[in-house]
Amino acid sequence: MAASQTCQISSLDNVEMSIHVIDTEKNQIQEPTVNEFDYSQRGQWLRAAVLGANDGLVSVASLMMGVGSVKQDIKAMIVAGFAGLVAGACSMAIGEFVSVCTQRDVEIAQMKRDKQKRSESENEQVTEKEKLPNPGQAAAASALAFSVGAVLPLLAAAFIRDHKVRMAVVVAVASMALLVFGLMGALLGRTPVVKSSARVLVGGWMAMACTFGLTKLIGSDGMQT
């Protein structure tokens, strides 16, 4: 009888040990997924930063190329570029603020509807509110990113007196900056480097070429009349 009880106890111990080993293996298997980084979240702020800087660079460089196509005065190019920087930064900030405010209102309304369906503790409500986007921060970040990109062609052209050299330097600086923006976006977002950089560069070239050509066409006709 004692031997039978001893065997039952040892069997129960073996079962408990087996369950403990299985739980430990499950925790080890699940552990990498907890530490795994979500690249989609990083892609959101990365996309906003790269797009803001790219918009600033392309907009101001194209504007300066358009003005330079009809006027050789360095002051005209710099003033036009600076006006584009200020106007673009304000536009980006206001647009981002309105967009994020709308998104925040939608999420708050959804939280209220969910609260009516199920009971939530105050800690859970505070945590959900902390995750809501901040319109002020989004607007400031968007304006800053645009300004960083827009200031590059301005600095490149500010100290060059010769008109043709100035135009070539603006295109060269804009092209290098576009490659850097494309490279940064590709490396941080884990996307193909060549494809991303080429897409950004060609898009910038097309914008500058269209602005230069159309402004020269319209400006030349207007000067003749």
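Numbering (numbering that gives the first Met the number 0) for the sequence shown: 0 to 224. Cβ coordinates follow ideal geometry from the N, Cα and C atoms, glycine included.
- If you look at THR101, you'll find it in the alpha helix (DSSP H) that goes 73 to 116.
- In the structure shown, ASP54 falls within a helical segment according to DSSP collapsed to helix, strand and coil.
- Scanning its chain for C-beta atoms nearer than 6 Å, with the 5 sequence neighbours on each side dropped, one finds around GLY67 the residues MET76 and MET166, in chain order.
- Residue environment for ASN53: buried (at least 16 other C-beta atoms within 10 angstroms of its C-beta).
- Counting the other CB atoms within 10 Å of its CB gives LEU153 a total of 16 or more, which places it among the buried residues.
- In the DSSP annotation of this structure, the continuous segment of the alpha helix (DSSP H) that includes PHE180 starts and ends at 162 to 188.
- Non-local C-beta neighbours of GLY181 in its own chain, meaning closer than 6 Å and more than five positions away in sequence, comprise SER195, SER196 and VAL199, ordered along the chain.
- DSSP, read as helix, strand or coil, puts PRO152 in helix.
- With respect to the 8 Å criterion, MET91 and PHE158 are not classified as neighbours on the basis of their beta carbons.
- With a cutoff of 8 Å on beta-carbon distance, ARG112 and PRO132 are scored as not near each other.
- With contacts defined by Cβ atoms closer than 8 Å, GLU95 and ALA155 do not form a contacting pair.
- In this structure, ALA208 lies away from GLY55, with their beta-carbon atoms at least 8 Å apart.
- The Cβ-Cβ distance between GLY87 and MET63 does not fall below 8 Å.
- Within the same chain, and ignoring the five residues on either side of GLN71 in sequence, the residues whose Cβ sits closer than 8 Å to its Cβ are HIS162.
- Residue burial annotation: LEU177 is buried, with at least 16 other C-beta atoms found within 10 angstroms of its C-beta.
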